[in-house]
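Position one of the sequence shown corresponds to residue 4 (the working numbering), numbered consecutively onward.
First the structure, in the form of structure tokens, and then the observations on it.
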Amino acid sequence: MTDITTHQASRRRLLIALSITCTFMLIQLAGAYYSNSLAVLADAGHLFVHNSSLFIALIASSVAVHLAKNYSDGYKKAEFTGGLINGMLYLMISVVILYEGSERLSHHHDGNGDVVNTYLMSVIAALGFLFHGLSAWVLYKGRKESINVYAVFLHSFFDLLSTVSTFIASILIYLTGFQVIDIISSMLISLFVMFTGFKVVKTCLKGILTKEMHLPTSDQIEEKILTTDHVESVHSVTISRVDDEIAVGAHIVLKHHCTIDLHDQSCREQVEQVLNDTFGVSQCVLQVESHNCPEH
Numbered sequence: 004m005t006d007i008t009t010h011q012a013s014r015r016r017l018l019i020a021l022s023i024t025c026t027f028m029l030i031q032l033a034g035a036y037y038s039n040s041l042a043v044l045a046d047a048g049h050l051f052v053h054n055s056s057l058f059i060a061l062i063a064s065s066v067a068v069h070l071a072k073n074y075s076d077g078y079k080k081a082e083f084t085g086g087l088i089n090g091m092l093y094l095m096i097s098v099v100i101l102y103e104g105s106e107r108l109s110h111h112h113d114g115n116g117d118v119v120n121t122y123l124m125s126v127i128a129a130l131g132f133l134f135h136g137l138s139a140w141v142l143y144k145g146r147k148e149s150i151n152v153y154a155v156f157l158h159s160f161f162d163l164l165s166t167v168s169t170f171i172a173s174i175l176i177y178l179t180g181f182q183v184i185d186i187i188s189s190m191l192i193s194l195f196v197m198f199t200g201f202k203v204v205k206t207c208l209k210g211i212l213t214k215e216m217h218l219p220t221s222d223q224i225e226e227k228i229l230t231t232d233h234v235e236s237v238h239s240v241t242i243s244r245v246d247d248e249i250a251v252g253a254h255i256v257l258k259h260h261c262t263i264d265l266h267d268q269s270c271r272e273q274v275e276q277v278l279n280d281t282f283g284v285s286q287c288v289l290q291v292e293s294h295n296c297p298e299h
């Protein structure tokens, strides 16, 4: 069970990473214009979608703080919907860059190709390495705390590799004078973005269209547990789905006479049986707590 403090720490990491990558995206857009590099523009488009993904992950992490008691199907559907939007953005941007690349390629064959400022292109790629490296480092420290942080960390790592390829392309153009390298590099990046977009869209559509089991609310779980003879109160209830089975976690405080008799196991079994009979709960993680009494 991931607690609220962990979600808040994850949210801070995502916010820092978003600030870093948004700053560099603006630098990339300006650099793509002045360097006349389609590869830099393609990388900026890729980074735009990355920032959108990071922003959605930030929202999901913020929502998780308020929904820490119940990760419901609706919450997961919202995540899939956000991912679908990002996947569509991937496809749109990759198509635009591929179209622009084909146009520049035809102009290049006609002898009217634009000259790329390789110095500015390499400087932007070097800056990108620093920015993405810093972002990846921030996320790396919290990658085990949240699946959102881990996913965005992987994306930042691939962005780091992308800046390396852009830097290499700028060096090759400078050494050989072949301006077409910029176009080919941009189209390769776009094909990678398109491939990623298809995978994201496929995964999210499958998640949205798959009919998932209905999860009980935390209030329903608490109410049912309190009907047992041994439980005084309930708190910190979580409901989730694990391998198509309902899993419940809760802290249960036993009544005074149960604390004295020390029959925690029988109390636990009774709660598990009630939840299984009522909601079909197959997995329970119950933290049994003693009644807060001066005599103990």
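Don't be surprised by glycine CBs; every beta carbon is placed ideally from N, CA and C.
For residue i, count the other beta carbons within 10 Å of its own beta carbon; 16 or more makes it buried, fewer makes it exposed. Which is it?
i: Q31; result: buried
i: S125; result: buried
i: Y302; result: In this structure the chain extends from 4 to 299, so residue 302 is not present and cannot be described.
i: Y36; result: exposed
i: Y122; result: exposed
i: T166; result: buried
i: S109; result: exposed
Let me check understanding here. Comparing Cα to Cα, which of the options lies closest to residue i?
i: T59; options: L29, A42, G90; result: The amino acid at residue 59 is misidentified as Thr; the sequence shows Ile. Checking every option, the nearest Cα to that of I59 belongs to G90.
i: G34; options: F156, I211, A129, Q276; result: A129
i: S138; options: V203, I228, S22; result: S22
i: V203; options: Y143, H53, T179; result: H53
i: L50; options: V118, N120, F134, F83; result: F134
i: V288; options: V274, F282, L92; result: V274
i: F161; options: D46, A42, V291; result: D46
i: L29; options: L18, T281, Q290, L44; result: L44
Identify the continuous alpha helix (DSSP H) that holds residue i and give its terminal residues.
i: V284; result: Element bounds for V284: n/a, residue is neither H nor E.
i: T199; result: 183-212
i: L130; result: 121-143
i: S221; result: 221-228
Once the 5 residues before and after residue i are set aside, which same chain residues still bring their CB inside 6 Å of it?
i: V284; result: I249, V251, L278
i: I228; result: V234, V237, V274
i: Q305; result: There is simply no residue 305 to check, as the chain begins at 4 and stops at 299 in what is shown.
Below 8 Å CB to CB, which residues in the same chain sit around residue i once its five sequence neighbours on both sides are set aside?
i: N73; result: In this prediction, N73 scores a pLDDT of 46, lower than 50, which makes its location untrustworthy; the coordinate-derived value is nonetheless stated afterwards. So the qualifying residues of the chain are L218, T220, S221, V240, T241, I242.
Got a sec: does the ligand GDP put a non-hydrogen atom nearer than 8 Å to the Cβ of residue i?
i: H233; result: In terms of ligand content, the structure shown is empty, and the ligand GDP therefore cannot be addressed.
Take residue i and list the residues in its own chain whose beta-carbon comes closer than 7 Å to its own, dropping the five residues that flank it on each side.
i: P297; result: Only weak support is given to the placement of P297: the predicted model assigns it a pLDDT of 44, under 50, and the question is left unresolved by the model.
i: A172; result: A42, I184, D185, S188
Measure how close the beta-carbons of residue i and residue j come, nearest whole angstrom, since I'm counting them as under 8 Å.
i: V320; j: N39; result: Residue 320 lies beyond the stretch modelled for the chain, which goes from 4 to 299, so this question has no answer here.
i: M197; j: L92; result: The pair is not a contact, with the Cβ atoms about 12 Å apart (cut-off 8 Å).
Name the two residues that bound the continuous beta strand (DSSP E) containing residue i.
i: S243; result: 234-245
i: L257; result: 248-257
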